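Each residue of the sequence shown is one higher than the last, beginning at 52 in the numbering used here. Single-structure report; data block below.
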Amino acid sequence: MRFSEPHSPLVSAGNYSRYTTVHEGDVRALKPDGIFVPLLLGGSVICIIGLVLASWSISMIVSNKQMQMSDDPCPGDWGDALELGDGTVYCSAENWAYLDVYKIEQIDVAENHFRITYDDRTTEYRWESIDHKAGLVVIGEIYDDGSMGCNFFFAEKELPEGYGTNDLYLGGNSDTLLPSWCFTSSNDNIEYSSDEQHPFLGVRMFRPMWDGFDSELVFDITTNKVMEHGYYPSSEMVETAIEEEIILGVILTFVALYILLKADLRRPVLKFDFEGRRISMRRSMNSTRFGGWSWKNVNFSSAMLIQEPNAVVLRMKIAGEERLIASFIGESAGDYIESLKALLNISNENVMDAERYDGMPTLDMFDVSHWDSDNDARHIYEYYLAKIGSASHAKTLDELYQGAGIESLADRVDAQKLLNQVIEELDPEFEAPEIIVNETRVVEYESPTETGEIATPPPSVSTPSDSMQLDAFWTQDDSESN
């Protein structure tokens, strides 16, 4: 299914995807013949993808909606709640928040120093407590060149009882609080001992908060086995994340619905309503109007079949504009011609090869159902003016009448003569292909009989003179009159 109306009710088929015609009473249709296996398999795969995505997105909506309605500030997988003294709640969020874990093989300690041997490196640290705020500690990592990289921490065990976010704020100009050794190189030979424990073993070391940035509680914690670096999101951040998950689930549900609609890869059916002058494109013969599209103001008399090497195309006018209706390719494309002629009442004159169609304008180019007045001739004259490009060099309509050998436009025969004259004016050297000349039919008219009735002469076929070669452009039986 598509959400925008196609420009044309186009169907196409090749050697392995056949179409067949249906003409049962008032029902005329062009429908697929059998099941095209590649489309069936492709549609099945798309359907499975859509169903999986729909199930996952609906499950996401339901689970997050349940968490949203819960009174727990850290519902579901958001873990345990850590409530500070000022009422701010943070969630452990083991399954959501990032957590970097570094494996420790050995910890050695010296005065205000400690050394940790990780599985891939050994790093030395220096630390010092700062009296600026309770629990404030500076820990500096000693790099290979002896320089320091210092960071502030708040040791949870030294924070006041019932501490809140204000106790974790450091404020501005914090660099002035750094000890002098943070700006010097360390070349001391320090003797470490493995008999003492890490000075902050098992203690959560909180990174300082900055004003307006308290949505996360970032911490480090060191044990004898690992050093963990992670964060706790605030309950407000969890609420926002849950809302975003619900919105994402809704969006993915619509995406899944779109995919499922695309999973219907059945080839379309074209239904032709001659009485209502309408073409409908549906997924099946019994689909309702919601299962496809319809086009009104169809000129079925303009239907023509264009033959190309190993291809046949059906063209027709819709609302005055010629459009491609069907395209058939492959070695058996020619088999469609007779069945389409019978289905759509297409005359032999409207079955032509591509060279004839592309090179020769026809009366079917114009949105005129009955050629029977000089007003209809204006359509051909406007085409002539548009093609010649300069009105100052153009002949008048009366001059074209005179060249065509008519006094006015009374029927389709006169219209064809006028069009032939226009073509001759635009391209004096043009000569109609011989195959078309031989198709020309010349109609002779007899004067009325004494009883006032017009005798109907038998049609005769003759080869026209050079001056009448352009009659070859006739696209329908020129003996018709309106």
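Every residue gets a Cβ at the ideal spot worked out from N, C-alpha and C, and that includes glycine. Every value quoted in this text rests on a predicted model; they were computed, and no experiment measured them.
| Query | Result |
| --- | --- |
| Residue burial classification, K154 (beta-carbon count within 10 angstroms, cutoff 16) | exposed |
| H74 Cβ short of 7 Å to the ligand ATP heavy atom set | The ligand ATP is not among the ligands present in this structure, which contains no ligands whatsoever. |
| Residue(s) in a DSSP beta bridge with N396 | BP columns for N396 are empty, so no partner. |
| Identity of the residue in D170, E382, E175 nearest V160 by Cα | E175 |
| Chain-order list of residues whose beta-carbon lies under 6 Å from that of P319 (same chain, five-residue window excluded) | V62, M332 |
| DSSP beta-bridge partners of A161 | H164 |
| Cβ pair V189, F203 closer than 8 Å | yes |
| Cβ-based burial, S106 [other Cβ within 10 Å; buried from 16] | exposed |
| Reduced DSSP secondary structure (H/G/I, E/B, other) of A185 | coil |
| Whole-angstrom distance between D182 and M288, CA atom to CA atom | 32 Å |
| Proximity to D324 [Cα-Cα], best of S68, R463, G76, G65 | G76 |
| Sequence-distant residues of the same chain with beta carbon closer than 6 Å to R374, five excluded per side | S59 |
| The segment 122–142 touching the segment 272–288, judged by at least three CB pairs closer than 8 Å | yes |
| Reduced DSSP category for E382 - H, G, I as helix; E, B as strand; rest coil | coil |
| One or two residues paired with A80 in a DSSP bridge | V73, K322 |
| Start-to-end residues for the beta strand (DSSP E) that takes in L61 | Looking at the DSSP string, L61 is not in any beta strand (DSSP E), and its letter there is neither H nor E. |
| Check whether E156 and D137 have beta carbons under 8 Å apart | no |
| Contacts around G371, its chain only, beta-carbon distance under 6 Å, and the 5 residues preceding and following it disregarded | D418 |
| L394 beta carbon less than 8 Å from that of T21 | An answer regarding residue 21 cannot be provided, because it is not within the stretch 52 to 533 covered by the chain. |
| Spatial distance of A144 from L150 (CA atoms) | 10 Å |
| Endpoints, the beta strand (DSSP E) within which Q467 is located | Here Q467 belongs to no beta strand (DSSP E); instead the alpha helix (DSSP H) covers 463–477. |
| N350 - containing beta strand (DSSP E), residue span | 349–359 |
| DSSP three-state assignment for R429, whether helix, strand or coil | helix |
| Terminal residues of the alpha helix (DSSP H) in which G327 lies | It is not in any alpha helix (DSSP H) - G327 carries neither H nor E in the DSSP assignment. |
| Of the residues I193, S231, A185, the one placed nearest T173, counting alpha carbons only | I193 |
| Collapsed DSSP secondary structure at K276 in the structure displayed | coil |
| Inter-residue spacing [alpha-carbon to alpha-carbon] between A314 and W344 | 18 Å |
| 8 Å CB neighbourhood of E247 in its chain, flanking five on each side removed | V160 |
| Three-state secondary structure (DSSP) of K446 | coil |
| Nearest candidate by alpha-carbon position, reference E450, set L469, A461, Y434, R463 | L469 |
| Contact the segment 252–260 vs the segment 219–228: 3+ CB pairs below 8 Å | yes |
| Whether M256 touches D239 by CB criterion (8 Å) | no |
| Pairwise C-alpha distance: G186 and D226 | 17 Å |
| Whole-angstrom C-beta distance between N401 and A354, which should lie under 8 Å | 7 Å |
| Under the three-state DSSP convention, the category C125 falls into | coil |
| Beta-carbon gap between S237 and M199 smaller than 8 Å | yes |
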